[in-house]
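K.L.:
Going by full-length UniProt numbering, 4 is the number at position 4 of the sequence shown; the sequence numbering is gapless.
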Amino acid sequence: MAEPSGNELASAAAKGDLVQLTNLLQKNVNVNAQNGFGRTALQVMKLGNPEIARRLLISGANPNLKDSTGFAVIHDVAREGFLDTLQTLLEFKADVNIEDDEGNLPLHLAAREGHVRVVEVLLARAECKVGHQNKRGATAYDLAKLYKRSAVVKLLEGSSFSPAAMN
Numbered sequence: 001m002a003e004p005s006g007n008e009l010a011s012a013a014a015k016g017d018l019v020q021l022t023n024l025l026q027k028n029v030n031v032n033a034q035n036g037f038g039r040t041a042l043q044v045m046k047l048g049n050p051e052i053a054r055r056l057l058i059s060g061a062n063p064n065l066k067d068s069t070g071f072a073v074i075h076d077v078a079r080e081g082f083l084d085t086l087q088t089l090l091e092f093k094a095d096v097n098i099e100d101d102e103g104n105l106p107l108h109l110a111a112r113e114g115h116v117r118v119v120e121v122l123l124a125r126a127e128c129k130v131g132h133q134n135k136r137g138a139t140a141y142d143l144a145k146l147y148k149r150s151a152v153v154k155l156l157e158g159s160s161f162s163p164a165a166m167n
């Protein structure tokens, strides 16, 4: 029988198939192997399934690998607002300050999309660079204001980060 590939593992992760995923991991498949599209199982997993993330991370998946578009899985999770999966990634040392190709942190993406709880969890991390500017010079606060995410704007104004101090 052929050795299981990154494609099989990625497929199981994308479908949220915990049984198949667990079986493949027990066969010592390379958890950071890329599928045919250059993405790992963690990068293509069903984002709303923290148990899939946990199994992959326990097996050594690197939460900070970026895909060809410059996104790490924490960017996707923050942008889509999957709080449970975000907390699982953070538990396994995902970098809250990892930048995508545009210089956005996960905080930028969560703020832009208005995911208040995700923003709260990211802000709770002491290392979170709240005033970080992306390549266009925008902070998470700027994006929250631009996209009229009033709850996120209030949250950022109420945090130790003060937009006034940035000017």
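Glycine is no exception: its CB is placed at the ideal position from the N, C-alpha and C atoms.
Look up Asn23 in the DSSP assignment and say whether it is helix, strand or coil.
P.N.:
Of the three classes helix, strand and coil, the one that applies to Asn23 here is helix, per DSSP.
K.L.:
Beta carbon of Asp95, beta carbon of Gly70: below 8 Å?
P.N.:
No, they are not a contact pair.
K.L.:
Could you tell me which of Val31, Val19 and Lys27 sits nearest to Ala10, measuring between CA atoms?
P.N.:
Residue Val31 is the option with its Cα nearest to Ala10.
K.L.:
Name the residue from Arg55, Asn7, Lys27 and Arg39 whose alpha carbon lies nearest to the alpha carbon of Leu18.
P.N.:
Nearest of Arg55, Asn7, Lys27 and Arg39 to Leu18, Cα basis: Arg55.
K.L.:
Beta-carbon separation of Gly155 and His108 under 8 Å?
P.N.:
What sits at residue 155 in the sequence shown is Leu, not Gly. Cβ distance not < 8 Å, so Leu155 and His108 don't count as in contact.
K.L.:
Am I right that Asp84 and Pro50 are in contact with their C-beta atoms under 8 Å? What's the rounded C-beta distance?
P.N.:
Between Pro50 and Asp84 the Cβ distance is about 4 Å, and since that is below 8 Å, they are a contact.
K.L.:
What are the boundary residues of the alpha helix (DSSP H) that includes Gly137?
P.N.:
From DSSP, Gly137 is part of no alpha helix (DSSP H); its letter is neither H nor E.
K.L.:
Evaluate Phe82 with the Cβ neighbour count: other Cβ atoms within 10 Å of its Cβ, from every protein chain shown; 16 or more gives buried, anything less gives exposed.
P.N.:
With 16 or more Cβ atoms within 10 Å of its Cβ, Phe82 is classed as buried.
K.L.:
Compute the distance between the beta-carbons of Gly114 and Tyr141, then report whether it is under 8 Å.
P.N.:
Going by C-beta atoms, Gly114 is not nearer than 8 Å to Tyr141.
K.L.:
Going residue by residue through the region 43-74, where are the continuous beta strand (DSSP E) segments of at least 3 residues, counting only ones entirely within it?
P.N.:
Runs of the beta strand (DSSP E) inside the region 43-74: none found.
K.L.:
With a 10 Å radius around its C-beta and 16 neighbouring C-beta atoms as the bar for buried, classify Ser59 as buried or exposed.
P.N.:
Its Cβ being crowded by 16 or more others within 10 Å, Ser59 is buried.
K.L.:
So, Thr40 versus Leu21, is the Cβ gap smaller than 8 Å?
P.N.:
Cβ atoms of Thr40 and Leu21: not closer than 8 Å.
K.L.:
How is Thr85 classed by DSSP in three states: helix, strand or coil?
P.N.:
In this structure, Thr85 counts as helix in the three-state DSSP scheme.
K.L.:
Between the Cα of Ala33 and those of Ala53, Met45 and Ala61, spot the shortest distance and give me the residue it belongs to.
P.N.:
Closest option to Ala33, Cα to Cα, is Ala61.
K.L.:
Quick one: measure Cβ to Cβ for Leu122 and Val73, integer angstroms, because I've assumed they're closer than 8 Å.
P.N.:
Incorrect: roughly 14 Å between the Cβ atoms, too far for contact.
K.L.:
Once DSSP output is grouped into helix, strand and coil, what is the label at Glu127?
P.N.:
Coil, per DSSP.
K.L.:
Less than 8 Å between the beta carbons of Gly103 and Ser68, yes or no?
P.N.:
No, they are not a contact pair.
K.L.:
Which residue from Asn28, Ala111, Val152 and Ser150 puts its Cα closest to that of Asn134?
P.N.:
Checking every option, the nearest Cα to that of Asn134 belongs to Ala111.
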